[in-house]
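Whatever position you read off the sequence shown (first residue = 1), add 4 for the working numbering. Virtual Cβ for every residue (Gly too), placed ideally from N, Cα, C.
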Amino acid sequence: MFNTFLYYRSTSRLIIMKRFVALKSNGDVGAQIKSFNEKKQFKKTLELFDKYKENDVKNLSSFIITQALKACTQMGDLQRGLIIHCLISSRIKTDCYISGSLIHLYSKFQY
């Protein structure tokens, strides 16, 4: 019984650590993406976004998505913006930051 208790206790710590690492990496990715955008390295922004979204699209923060859309706008890459729009379409109604970034993207192309 004591071994079982230790197993559950260590398992819950492992789960907590995994969640902490996921949250930390989300923030780190956001900071890196913003840094690339500030340096006008929009291609690197989208490469990092693509790499990160392969891991888990549902956990992408609004900040990361808006930075990726900003890179699409600055590069003039409407196709990539449309792909991102399709990926996050379920979140648009509840997130004014993403909606604003999409409006900015489409207004640049008069879409």
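Here the alpha carbons of T77 and K112 stand approximately 7 Å from one another. L50 is a Cβ neighbour of R84, given a cutoff of 8 Å. Spanning the alpha carbons of I88 and T98 requires a straight line of approximately 16 Å. Under the three-state reduction of DSSP output, S65 falls in the coil class, being neither helix nor strand.
With respect to the C-alpha of Y101, the residue from D81, S94 and T70 having the closest C-alpha is T70. For T49, the enclosing alpha helix (DSSP H) begins and ends at F46 to N59. Between the alpha carbons of Q36 and C90 lies a gap of roughly 24 Å. Of H108, L86 and Y56, the smallest CA-CA separation from D32 is found for Y56. Between H108 and Q45, the alpha-carbon positions lie close to 19 Å from each other.
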